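**Q**
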Amino acid sequence: MLSRARNISQSKLKPIFHESFLTKITSPYLQLHPTKALKAPTSSSSSSFFSSQPTNTAPPPLSSSLALTRDGNYDEATPKLTVCPGCGVLMQDTNPKHPGYFIRPSQNLNKVRKSHLVHVANESEFSNSLKKGGLVVFEAENETSEVKKHEKPVVCARCHALRHYGKVKDVTVENLLPDFDFDHTVGRKLMSASGARSVVLMVVDAADFDGSFPRKVAKMVSDTAEENERAWKEGKSGNVPRVVLVVTKIDLLPSSLSPTRFEHWVRQRAREDGNSKITKLHFVSAVKNWGLKSLIDDVVDLAGKRGNVWAIGAQNAGKSTLLNAIAKSVDAGRGGDGEEKNIVSHLTEAPVPGTTLGIVRVEGVLPAQAKLFDTPGLLHPNQITTRLTREEQKLVNINKELKPRTYRIKAGHSIHIAGLMRMDVEESSVESIYVTVWASPYLPLHMGKTENACTMVEKHFGRQLQPPIGEKRVEELGKWVRKEFHVSGSSWDSSSVDIAAAGLGWFSVGLKGEAALGVWTYEGVDIVLRNALLPYRSQVFEVAGFTVSKIISKADQSLNKSKRLNEAKRKPREPEGTIHPKSSLSTIDSVSSSCQHLQPL
1 MLSRARNISQ SKLKPIFHES FLTKITSPYL QLHPTKALKA PTSSSSSSFF
51 SSQPTNTAPP PLSSSLALTR DGNYDEATPK LTVCPGCGVL MQDTNPKHPG
101 YFIRPSQNLN KVRKSHLVHV ANESEFSNSL KKGGLVVFEA ENETSEVKKH
151 EKPVVCARCH ALRHYGKVKD VTVENLLPDF DFDHTVGRKL MSASGARSVV
201 LMVVDAADFD GSFPRKVAKM VSDTAEENER AWKEGKSGNV PRVVLVVTKI
251 DLLPSSLSPT RFEHWVRQRA REDGNSKITK LHFVSAVKNW GLKSLIDDVV
301 DLAGKRGNVW AIGAQNAGKS TLLNAIAKSV DAGRGGDGEE KNIVSHLTEA
351 PVPGTTLGIV RVEGVLPAQA KLFDTPGLLH PNQITTRLTR EEQKLVNINK
401 ELKPRTYRIK AGHSIHIAGL MRMDVEESSV ESIYVTVWAS PYLPLHMGKT
451 ENACTMVEKH FGRQLQPPIG EKRVEELGKW VRKEFHVSGS SWDSSSVDIA
501 AAGLGWFSVG LKGEAALGVW TYEGVDIVLR NALLPYRSQV FEVAGFTVSK
551 IISKADQSLN KSKRLNEAKR KPREPEGTIH PKSSLSTIDS VSSSCQHLQP
601 L
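Those letters in the sequence shown? Residues 1 to 601, by UniProt numbering.
#1: Do three or more CB pairs link the region 389-401 to the region 427-445 at distances below 8 Å?
#2: Report yes or no: do three or more beta-carbon pairs, one from the region 450-467 and one from the region 481-500, lie closer than 8 Å?
#3: Across which residues does DSSP place Leu281 in a beta bridge pair?
#4: Less than 7 Å separating the beta-carbons of Val425 and His413?
#5: Which of helix, strand or coil does DSSP assign to Gly211?
#6: Between the alpha carbons of Lys459 and Lys410, how many angstroms are there, rounded?
#7: For His486, count neighbouring C-beta atoms within 10 Å of its own C-beta (all shown protein chains included) and say buried if the count is 16 or more, exposed if not.
#8: Give me, in chain order, the residues of the same chain whose beta-carbon lies closer than 7 Å to that of Ala286; leave out the 5 immediate sequence neighbours on both sides.
#9: Val365 to Lys449, Cα distance in whole Å?
#10: From the DSSP output, in three-state form, read off Trp492 for me.
#11: What is the DSSP secondary structure of Arg387, reduced to helix, strand or coil?
#12: Per the DSSP calculation, Leu445 is bridged to which residue(s)?
#13: Is the region 528-538 close to the region 495-512, with three or more CB pairs under 8 Å?
#14: In its own chain, which residues sit with a C-beta less than 6 Å from the C-beta of Leu372, not counting the 5 before and 5 after it?
#15: Use the C-beta contact count for Val457: other C-beta atoms within 10 angstroms, 16 or more gives buried, fewer gives exposed.
#16: What's the call for Asp301, buried or exposed, on a 16-neighbour Cβ count within 10 Å?
#17: Consult DSSP for His486 and reduce its assignment to one of helix, strand or coil.
#18: When the Cα atoms are used, what is the spatial distance from Ser329 to Asp298?
#19: Check the C-beta distance from Val243 over to Ile278 and give it rounded, since I have them as a contact under 8 Å.
#20: For the beta strand (DSSP E) containing Asp205, list its first residue and its last residue.
#21: Below 8 Å on the Cβ atoms is my contact criterion, and I expect Ser198 with Ser276 to pass it. Report the Cβ-Cβ distance as a whole number of Å.
#22: So if DSSP puts Ser505 in a beta bridge, which residue, or which two residues, is it bridged to?
#23: Exposed or buried, what is Thr82 when buried is set at 16 or more other beta-carbons lying within 10 Å of its beta-carbon?
#24: So, for Gln369: in the same chain, excluding its five sequence neighbours on each side, which residues have a beta-carbon less than 8 Å away from its beta-carbon?
#25: May I ask you to list the residues that DSSP assigns as paired with Arg371?
#26: Can you say whether Ala332 is buried or exposed, counting buried as having 16 or more other CB atoms within 10 angstroms of its CB?
#27: Quick one: using the 10 Å Cβ neighbour count with 16 as the cut-off for buried, is Gln92 buried or exposed?
#28: Under three-state DSSP, which class holds Val541?
#29: Among Leu292, Met423, Tyr434 and Ile433, which has the Cα closest to the Cα of His446?
#30: Pick helix, strand or coil for Asn566, following the three-state DSSP scheme.
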């Protein structure tokens, strides 16, 4: 049962949720979330699927039909609206088809709850940068025993569904969620030379380091630190932000990985990605509770008595899960009774990108006047997961320890990772090279001759090679583009370099010589060349053809079963010996033209 946080008058909500609201937006999905919108179907020729040059397509402008505050929540004149403590969205109890909806609880319990809501916008940290009324949190001080007995955070229906079912009930509501203006809301506080001490808790996914690393924020913080440090040395006011880089989900990496090697690798990648000012570095696992105590000690020490700690990270990097684990660890460390444990906030966490929608203050973690804030996950449109459906994301997301899948491959051959990425060995100074795939075990692989690779789209994308799931999704995701890499190595025993795709995984290449590689994936997906993270390879090599995981997705099973049944019903019984022309996807009608881009260098 959800609980009510505040009486919201109809007149207050009218400017936000007017009856004519939907009529003003011809396509709210495209206007509010242009980076999440699916690409329009490409032309019907196979050459449109493959392209050696990316096209410059600017995203559509954001809609002005929804009034948003600078913190990414809906604009509202009243300072009495509350936000969901699980995700930060403004709450309302009138329209279940709009974000922030929650069910009205009993009146008696509501009276108890209303007295324990405090406006974050009234605090000094936000008074200069936020419109009042956008942020409200639960205050734990002076709570009565009655509140303790019934205390359960009031959350919106979306958070309730994510917490209990792991998914949202109404996908159309997701299209109306507000964007978050990080630069104005948090950026100003971090760049300010005065005010409370700032600590940046930068959370990065160990299994998708480059794809989840917040480059823009890292550069901004590093530049601010250098500028304010110079000002401080000159005797001026200089609030130098401290950066705590937290690499989470380390339980997904093989246990054989050397911590020393990993630390060296992370520091190098962080410098190359724009973060040259790391105060502390921590490797943690929120699932296994690894490294949490050391992290908490450092954060408390750096924040001091009045500092502000800002948790920042890409969507689905595990930030909210980490903060909940920290809160749980702090709560357990007190050794108190049940009443004391109710002080700690609980954020909504789910395997859905963009779970947190607004700034949420995490209560009961830091001592004295220090504050910990969770911020919405930063949208990285260069990650391939931003283009996928929920079912497709389940196949791509890595939630188990990574296992190597290694091929011994010659020039003129290619490896597919599902229908999302392909690597061609175009030239090599040696007879063969070792290529190890590090990706979700749910993703099927295929190795074969490059000359046949172009026909894989026609015959197997959306079927044996999923994601994408189904022919329609192959059309919707658009065309591939090619990037060329020249790699070299000095040993057969270990991988030298990685070619990583943001949000997907990576190829590790081991050779004693040189090679020219062509990498294909969907336009806009970030591909990077880096030193090998995991130099290991499997002792047993994969064979040519399809390598399918033993775990087959329910989506795949139901899709294929439904397709077979529908085809059996529609298809009339025909005499034996009838010959039919080969079928193809609507996006493919000229295989030969697409192969023009696949010739060796």
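Don't be surprised by glycine CBs; every beta carbon is placed ideally from N, CA and C. Owing to the predicted nature of the structure, the values given are computational and were not obtained by experimental measurement.
**A** Let me spell this out:
#1: yes
#2: no
#3: In the DSSP assignment, Leu281 is bridged to Leu245.
#4: yes
#5: helix
#6: 24 Å
#7: exposed
#8: Thr248, Gly318, Thr321, Leu322 and Ala325
#9: One C-alpha to the other measures close to 56 Å.
#10: coil
#11: Here Arg387 sits in helix by DSSP.
#12: Ile417 and Thr547
#13: yes
#14: Val309, Val362, Val365 and Leu366
#15: buried
#16: exposed
#17: Three-state result, His486: strand.
#18: 14 Å
#19: Contact flag correct, Cβ pair sits at about 5 Å.
#20: Judged by DSSP secondary structure, Asp205 falls within the beta strand (DSSP E) whose first and last residues are Ser198 to Asp205.
#21: Actually they do not touch by this definition, with Cβ atoms about 17 Å apart.
#22: The sequence shown places Gly at residue 505, not Ser. Answer by DSSP bridge pairing, in chain order: Ala439 and Ala501.
#23: Classification for Thr82: buried.
#24: Lys305 and Arg306
#25: In the sequence on display, residue 371 carries Lys and not Arg. According to DSSP, Lys371 bridges with Asn308.
#26: exposed
#27: buried
#28: Note that residue 541 is Phe in the sequence shown, not Val. Reduced to three states, the DSSP call for Phe541 is strand.
#29: Met423
#30: helix
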